[in-house]
Amino acid sequence: MTDWLDVLASAQPERTRGTTGARDQRTSVLAALRGALLDLLATGDSQRTTAAVDHILAALHTAQSDSRHRS
0 MTDWLDVLAS
10 AQPERTRGTT
20 GARDQRTSVL
30 AALRGALLDL
40 LATGDSQRTT
50 AAVDHILAAL
60 HTAQSDSRHR
70 S
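Heads up: the sequence shown is residues 0 to 70, going by numbering that gives the first Met the number 0.
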């Protein structure tokens, strides 16, 4: 599991990467991706699960952009 968290950490700003909030964000993203994968495997509905992952990534991008503008 830590391998995936390390990959996600590399996408975070270096100055905040070591914070508890950043770790929690990485864990949340990993949980969402695993949930989408489990859903895909259980249902075979790739359109819906892909749309869900796209939605999650867009929300993260927006949140990251917002936090950069506030800094």
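Note that the Cβ used here is the ideal one computed from N, Cα and C, for glycine as well.
Residue range of the alpha helix (DSSP H) that includes residue i
{"i": "Asp-2", "result": "1-8"}
{"i": "Gln-11", "result": "From DSSP, Gln-11 is part of no alpha helix (DSSP H); its letter is neither H nor E."}
{"i": "Arg-25", "result": "19-42"}
8 Å contact criterion, which residue i and residue j should meet: CB distance rounded
{"i": "Leu-29", "j": "Leu-59", "result": "The pair is not a contact, with the Cβ atoms about 12 Å apart (cut-off 8 Å)."}
{"i": "Thr-26", "j": "Leu-4", "result": "7 Å"}
{"i": "Ile-55", "j": "Ala-31", "result": "5 Å"}
{"i": "Ala-62", "j": "Ala-51", "result": "Going by Cβ atoms, the distance from Ala-62 to Ala-51 rounds to 17 Å, so no, they are not a contact pair."}
{"i": "Leu-37", "j": "Ser-45", "result": "At roughly 13 Å, the Cβ-Cβ gap does not stay under 8 Å, so Leu-37 and Ser-45 are not in contact."}
Cβ-based burial, residue i [other Cβ within 10 Å; buried from 16]
{"i": "Thr-48", "result": "buried"}
CA nearest to the CA of residue i, picked from the options
{"i": "Ser-64", "options": "Leu-36, Gln-11, Gln-46", "result": "Gln-11"}
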